[in-house]
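Comments concern the structure below.
Chains as they are written, first to last, in my numbering: chain U, 63 to 351; chain C, 63 to 351.
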């Protein structure tokens with residue numbers, strides 16, 4: 063592992079929301095790419111240029127990817143799959159395609175279908191575990207990826223030079239690369255990301271159902287409730303695509319949680335309750351350490 | 063409502079953990095009490111004196127309350143009920159007894175039983191919605207109650223001078239007083255505090271069950287999981303008492319949540335899913351505003 067990352071020449075960032083915008087800022091502010099071309103709607107391109115996210119832009123994906131050495135799909139997962147099919151014939155030979163989608167098995171399968179035997183060389187799917195309940199270019203930050211885990215799900219085992227460059231660049235923007243298979247990624251994320259999201263959303267729906275929005279009784283709450291409702295503010299359009307691309311794993315995680323919650327309810331007021339709280343506390347402390 | 067709060071003369075704080083310790087600091091640093099006497103174990107009294115939490119201390123509750131004008135029970139709710147019975151005969155005539163317990167109906171019922179017709183004058187149960195996942199005197203802070211909601215659950219309607227002094231003092235340490243009946247308090251808190259706690263604890267148990275503690279796959283997580291697991295680190299002994307003193311309301315809130323979560327699971331991947339996410343997002347944004 064080199065400590066001086068290779069510099070990328072022409073980089074294309076498709077999708078200029080929180081993820082793509084933050085990526086452009088991180089690459090440009092750290093001098094990790096000679097030229098960043100953005101792809102998005104006209105107004106977004108103007109704003110991205112103003113904010114220093116891109117060097118140039120195009121509303122046409124074919125034009126944007128032409129001549130780029132690295133292409134980052136920074137759109138929700140179903141959109142990225144559709145765009146991959148569209149840009150595949152237009153990619154420069156040797157260019158590496160990656161993405162930042164929240165699920166990986168569907169994207170990986172589509173990459174194998176589109177690129178066949180070349181899929182491993184030409185596509186290295188990724189998922190930086192960064193993000194906020196706030197979305198959009200206006201919230202982009204060059205530090206969004208600092209200290210985050212950036213998973214990569216290689217589609218084969220042989221060494222590819224462009225993959226090493228991508229890994230070095232990811233490290234240079236402050237993230238930690240973790241390799242995992244697409245299937246293991248999606249199963250794990252169902253528990254560590256999709257389940258917590260569902261709980262926060264269902265908590266909001268439960269409170270609304272029990273009190274009605276704006277009920278003054280709801281003033282009687284503390285920081286604990288606020289932190290448990292933060293994820294519920296996430297972007298619904300993004301979660302619709304995550305749910306659609308990982309339904310079996312999410313359903314399994316939810317069923318397992320439902321069973322744990324029922325068991326906790328059934329031991330309200332008996333000695334088992336305290337034991338469960340001790341166990342959960344130990345686990346949470348270790349994980350958060 | 064006076065803007066210059068009356069000063070309390072002798073105040074007794076029973077229980078020198080996070081809540082009692084922070085109360086002593088807040089009263090003494092703001093000059094709101096002429097003398098604060100603490101009650102707790104020997105070693106705790108020494109440490110509390112060192113930290114500036116108390117002026118004097120006693121390990122004996124009878125001795126500690128003797129001559130005090132205001133007595134704050136800062137122990138878990140079942141302990142506070144037991145201590146109220148014990149100190150009732152030793153309270154100075156005209157002294158006001160209050161508490162900081164997380165549930166109120168059981169404490170209020172015990173107060174009526176112990177003090178009969180005088181309960182309203184002599185006891186004003188309270189619950190500041192402050193706290194942290196960290197417990198104990200060492201984490202006490204004079205700002206713990208700043209900007210929090212401090213609920214009071216009066217046991218009757220007539221005006222009592224000592225109640226007004228207590229309200230003024232609570233405001234002087236930065237909290238906002240909200241009056242509510244003990245029953246409404248416990249029903250509301252089951253949703254805004256106890257339910258979120260149970261979800262965080264059950265989430266930790268689910269992850270442990272699915273992966274086992276220390277599984278490296280669990281590294282693949284982001285800030286969302288961390289915030290959803292914060293409450294799971296709370297003190298089990300305190301939650302055991304909260305659960306035991308509010309089981310029906312907690313069970314009802316859990317059942318309602320279980321139903322919402324099941325509905326969310328059943329619409330994974332259909333149009334209803336997005337609608338639910340939009341609704342939850344709107345609610346969470348309004349509540350957190």
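Idealized CB from N, CA, C, for every residue including glycine.
Whole angstroms is fine: what's the gap from residue i's alpha carbon to residue j's?
i	j	result
residue 145(C)	residue 122(C)	11 Å
residue 289(U)	residue 213(C)	21 Å
residue 215(U)	residue 182(U)	10 Å
residue 306(U)	residue 312(U)	10 Å
residue 343(C)	residue 191(U)	21 Å
residue 180(C)	residue 189(C)	21 Å
residue 153(C)	residue 173(C)	13 Å
residue 283(U)	residue 211(C)	7 Å
residue 271(C)	residue 253(U)	11 Å
residue 149(U)	residue 125(U)	9 Å
residue 234(U)	residue 130(U)	20 Å
residue 269(C)	residue 196(U)	26 Å
residue 187(U)	residue 220(U)	15 Å
residue 110(U)	residue 231(C)	52 Å
residue 93(U)	residue 331(U)	59 Å
residue 302(C)	residue 328(U)	14 Å
residue 76(C)	residue 200(C)	16 Å
residue 88(U)	residue 114(U)	10 Å
residue 97(C)	residue 118(C)	8 Å
residue 116(C)	residue 300(C)	23 Å
residue 352(U)	residue 322(U)	An answer regarding residue 352(U) cannot be provided, because it is not within the stretch 63 to 351 covered by chain U.
residue 52(C)	residue 277(C)	With chain C running from 63 to 351 in the structure shown, residue 52(C) is simply not present.
residue 99(U)	residue 178(U)	27 Å
residue 142(C)	residue 340(U)	23 Å
residue 251(U)	residue 162(U)	14 Å
residue 91(U)	residue 223(U)	24 Å
residue 257(C)	residue 273(U)	14 Å
Spell out whether any CB of chain C is found under 9 Å from the CB atom of residue i.
i	result
residue 81(U)	no
residue 282(U)	yes
residue 363(U)	The displayed coordinates of chain U run from 63 to 351. Any statement about residue 363(U) would go beyond what the structure contains.
residue 186(U)	no
residue 216(U)	no
residue 298(U)	yes
Kindly indicate which residue of the options has the alpha-carbon position closest to the one of residue i.
i	options	result
residue 243(C)	171(C), 233(C), 295(C)	171(C)
residue 326(U)	263(C), 296(C), 91(C), 332(C)	263(C)
residue 72(C)	158(C), 198(C), 102(C), 106(C)	158(C)
residue 175(C)	217(C), 335(C), 153(C)	217(C)
residue 137(U)	259(U), 348(U), 165(U)	165(U)
residue 135(U)	269(U), 102(U), 106(U), 299(U)	102(U)
residue 127(C)	74(C), 194(C), 205(C)	74(C)
residue 335(U)	163(C), 260(C), 156(C), 141(C)	260(C)
residue 437(U)	79(U), 168(U), 341(U), 143(U)	Since the first and last residues shown for chain U are 63 and 351, residue 437(U) lies out of range.
residue 348(C)	104(U), 292(U), 249(U)	292(U)
residue 198(U)	345(U), 79(U), 338(U)	79(U)
residue 229(C)	319(C), 273(C), 248(C), 132(C)	132(C)
residue 208(U)	324(U), 81(U), 112(U), 151(U)	81(U)
May I ask you to report which of helix, strand or coil DSSP gives residue i?
i	result
residue 220(C)	coil
residue 359(U)	The shown model of chain U, from 63 to 351, leaves out residue 359(U), and the question about it has no answer.
residue 103(U)	coil
residue 95(C)	strand
residue 79(C)	coil
residue 33(C)	The requested residue 33(C) does not occur in the structure, where chain C is confined to residues 63 to 351.
residue 209(C)	coil
residue 241(U)	strand
residue 73(U)	strand
residue 64(C)	For residue 64(C), the predicted structure reports a pLDDT of 43, less than 50, and the residue's modelled location is therefore unreliable. The matter cannot be settled from this model.
With 9 Å as the threshold, decide whether the Cβ of residue i is near any Cβ in chain U.
i	result
residue 253(C)	yes
residue 161(C)	no
residue 271(C)	yes
residue 339(C)	yes
residue 349(C)	yes
residue 171(C)	no
residue 70(C)	no
residue 155(C)	no
Is residue i near the ligand MN, with its Cβ less than 8 Å from a heavy atom?
i	result
residue 338(U)	You won't find the ligand MN in this model; it holds no ligand whatsoever.
Which whole runs of the alpha helix (DSSP H) in the segment 125-204 of chain C are 4 residues long or more, in chain order?
139-149, 167-177, 181-184
Restricting to runs no shorter than 4 residues, where is the alpha helix (DSSP H) found entirely within the segment 268-307 of chain C?
285-291, 298-307
Length at least 4, wholly inside the segment 301-344 of chain U: the alpha helix (DSSP H) runs in chain order
309-328
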